[in-house]
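Heads up: the sequence shown at position 518 corresponds to 518 in the UniProt record's numbering, and the numbers run straight through without jumps. Ideal Cβ positions, reconstructed from N, Cα and C, are used throughout, including at glycine.
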Amino acid sequence: MPIGRDAVALEHARPDVAAAGLTEEHETLLAPTPEEPEGGDESHYFDGASDDDTDIEEVKDLDLDPVLSGIDNVEEAGLGRHLGVTSATLLGISQMVGTGIFSTPSSITMSVGSVGASLILWVIGLLLSFCGLFIWLELACIFPISGGEKVYLEKAYPRPKYLTSIIFAIYAVVLSSSAGGCIVFAENIVLAAGFEPRESVMKVIAILAMVGVTLMHSLVPRTGVHVMNSLAIIKILILLFLITTGIIIFFSGIPSVPEPLTSFKTPFANSSTSIYDYTIALFKVLSSFGGWQGCTSVMSEVRNPVRTVRIAGPLSLAIVGILYLLANITYFAAATPIELSSSGVTVAAFFMGKVFGTTAQRSAAGFVALSALGNIMSGSFGMARVDQELAKEGMLPASRVWARNLKHNQSPAAALGLVCLTTALTVAIVPFGDAYNFMLDVGGYPSALIGLLVALGLFILRSRPPFSLIPRPFTAWRSLSILFLFAQVLLLAAPIIPPKEGRGDTALPYWAAPLVSVLVLSSGVLYWAIWQVSLPKLGQFVWERVETKLDDGTALVVWKKKKTDDRSQYELV
């Protein structure tokens, strides 16, 4: 996007460059080059057509606090830059299209009660996802390194020191597992095989799926990427098949669905009037779109990252958004809102069973299981990179273990193992039934909080030197950023408003999901307070940041105690 106004603002801001802590070398880098027209050009800071490492070198030249951002370690990505536009686009599609579109339409319809309200929420969810994507793209183009939200929060909120890093670490490790995808995979595999759906059997299947994905990404990582891309294409084909079936239902008709327009004659009949219902439903819609920021979390493995992410991000979200809207229309063509609400987490299988019969229902369950498997693969692929970046900065217990790569293929096997461990524990502990919906609710609340903090952080960085002086290859529209910010505030506030009858969309109290989310995130605050405040005060020492390298070449930060009697040295708040 044009950034001429950024260059003009920089020119007027030049007297403040020294005050911002930038050297003459930095000033030269920030200034428009002589051959450029006055006002600058979009490529004079990040060249979309440049060599793979040009973007990174220019960021490193700015010396943007590598202590927190990890920019100095950007070239340490184990597998190198192996993701192009196609792979990055398919990664985004695979992270978004997983279990949501095949499962959550039933619970969304159950919450809001009507076709019209449900479809409007899907449109709103797509719009908000684009708003969020543009914010993430601007930040990713400034910091083209792996870590995603971890990096953005650290840069926007440097005080209290490391607090946002710890809170995000808790969110990433505890609340961002692939348990939901594993549950849907297990349920659909059992349905496809025609076995009795015993919970113990499904738990074993879910855990084995996670273990298998972890082994593939760890032992044959490049093969894992190819399989992940193939599953993304299969997901698109599955959705296209559902949509084509819907077109046939609308225009040709089939005996099992004699009146395909029944649901659309009174689209807003029986709509809920509870703010809580709409908020919870919107959480599920946004969860279905979750993953639009996928390639921003693995930027260190993306070729020509700035150019690639500007193409892959919007393209993947646009493809998924169109497919989702058409798929929902297809569902409502074959079933009434009441039928859809009672179909459970296998809504796609229910659709195929109603349209084509029992055999097709079992086949559809197999396809949904494949889609869930692809989501597990892409989700663990991205989250392992985030967890590894947190470990590299010493933010996790036993960071030396989780930061390590396998020597023979440089895959982040330990971080993948951490994702596998948290997922397996969640699957084993949480009972099935309402578990899937409850996990969506628990994950949605902190996700909205992280979204709020990142959006606020964008405005903070735009006004704070030296970041305010950096011309941007992509600039999010201010109006869309404010809209996203406002939406996150509503999403955080609405769940605490009591719904009708005092219960939510599960058998648990309506306040259970936000309470669990807040308690988990609060544990991060407690951990930070003990680690960074209480222990140094009691032991009269400060934590000294020491950079080192593991035997596999991975850069790592370790924290060593440095004795001091000066209390001001360990006052970090």
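For residue i, which of helix, strand or coil comes out of DSSP?
| i | result |
| --- | --- |
| ARG222 | helix |
| THR33 | In this prediction, THR33 has a pLDDT of 35, which is less than 50 and means its spatial position is unreliable; nothing more can be read from the coordinates. |
| LEU83 | strand |
| THR266 | coil |
| ARG404 | coil |
| VAL151 | helix |
| PRO305 | helix |
| PRO158 | coil |
| PRO446 | helix |
| ASN409 | coil |
| THR475 | coil |
| ALA281 | helix |
| THR426 | helix |
| GLU196 | coil |
| GLN532 | helix |
| MET395 | coil |
| THR273 | coil |
| VAL97 | coil |
| PRO431 | coil |
For residue i and residue j, what's the separation of their Cα atoms in angstroms?
| i | j | result |
| --- | --- | --- |
| TRP528 | SER263 | 52 Å |
| ALA384 | SER94 | 16 Å |
| ALA476 | LEU491 | 21 Å |
| LYS563 | LEU538 | 11 Å |
| GLU199 | ARG545 | 47 Å |
| TYR162 | LEU219 | 33 Å |
| ILE429 | VAL368 | 24 Å |
| ILE124 | VAL542 | 48 Å |
| ASP47 | PRO267 | Note on ASP47: pLDDT 32, under 50, position unreliable in the model; no value is reported. |
| LEU325 | ILE275 | 23 Å |
| ALA448 | LEU315 | 23 Å |
| GLY353 | ILE319 | 26 Å |
| VAL257 | ASN405 | 54 Å |
| THR245 | PHE168 | 42 Å |
| ASN270 | ALA117 | 10 Å |
| GLY553 | LEU83 | 21 Å |
| GLN388 | PRO221 | 15 Å |
| TYR398 | LEU550 | A quick correction: the sequence has Ala, not Tyr, at residue 398. Approximately 13 Å, taken between the alpha carbons. |
| SER363 | TRP531 | 52 Å |
| residue 574 | ARG400 | Since the displayed the chain opens at 1 and closes at 573, residue 574 lies outside it and no answer follows. |
| ASP441 | ILE183 | 15 Å |
| LEU452 | VAL489 | 7 Å |
| LEU64 | PHE467 | With a pLDDT of only 43 at LEU64, under 50, the local geometry of the prediction cannot be trusted, and no value is derived from it. |
| LEU208 | GLY181 | 13 Å |
Need the endpoints of the beta strand (DSSP E) that residue i sits in, please.
| i | result |
| --- | --- |
| ALA555 | 555 to 563 |
Over the uninterrupted alpha helix (DSSP H) stretch that includes residue i, give me the two end residues.
| i | result |
| --- | --- |
| TRP122 | 115 to 142 |
| ASN375 | 358 to 392 |
| ILE189 | 179 to 193 |
| GLU339 | 337 to 341 |
| TRP528 | 512 to 528 |
| ALA172 | 163 to 174 |
| MET110 | 100 to 112 |
| PRO536 | 535 to 539 |
What are the residues that DSSP puts in a beta bridge with residue i?
| i | result |
| --- | --- |
| ILE254 | VAL257 |
| ARG545 | TRP559 |
For residue i, I'd like the list of residues in its chain whose CB is within less than 7 Å of its CB, leaving aside the five on either flank, ordered along the chain.
| i | result |
| --- | --- |
| ILE170 | VAL520, LEU521, SER523 and GLY524 |
| GLU11 | Confidence is the limiting factor: at GLU11 the pLDDT is only 37, short of 50, which leaves the residue's position unreliable and the question unanswerable from this model. |
| ALA327 | ILE101, LEU239, LEU242 and ILE243 |
| LEU231 | SER94, LEU370, LEU373, GLY374 and MET377 |
| ASN229 | SER87 and LEU90 |
| residue 574 | The first residue shown for the chain is 1 and the last is 573, placing residue 574 beyond what the model contains. |
| VAL285 | ILE108, LEU121, TRP122 and GLY125 |
| ALA9 | Model confidence at ALA9 stands at a pLDDT of 37, short of 50, so the residue's coordinates are unreliable and nothing is read from them. |
| LEU416 | THR214, HIS217, SER218, SER380 and ALA384 |
| ALA487 | LEU128 |
| ALA360 | MET352 and GLY353 |
| ARG81 | ASP52, GLU301, VAL302 and ARG303 |
Taking 6 Å as the limit between beta carbons, can you name the residues of its chain near residue i, skipping five residues before and five after?
| i | result |
| --- | --- |
| VAL419 | SER380, MET383 and ALA384 |
| MET110 | SER341 |
| ASN188 | ALA365, VAL368 and ALA369 |
| SER177 | THR422, THR423 and THR426 |
| PHE350 | SER343 |
| ALA281 | ILE108, SER111, VAL112 and LEU121 |
Under the criterion of a Cβ to heavy atom distance below 7 Å, does residue i qualify as lining the ligand COA?
| i | result |
| --- | --- |
| ASN409 | In terms of ligand content, the structure shown is empty, and the ligand COA therefore cannot be addressed. |
I'd like to know if residue i contacts chain D, where contact means its C-beta is closer than 8 Å to some C-beta of that chain.
| i | result |
| --- | --- |
| LEU418 | The displayed structure is made up of one protein chain only, and chain D is not part of it. |
Using a Cβ-Cβ cutoff of less than 8 Å, which residues in the same chain neighbour residue i once the five nearest sequence positions on both sides are dropped?
| i | result |
| --- | --- |
| ILE254 | ILE248 and VAL355 |
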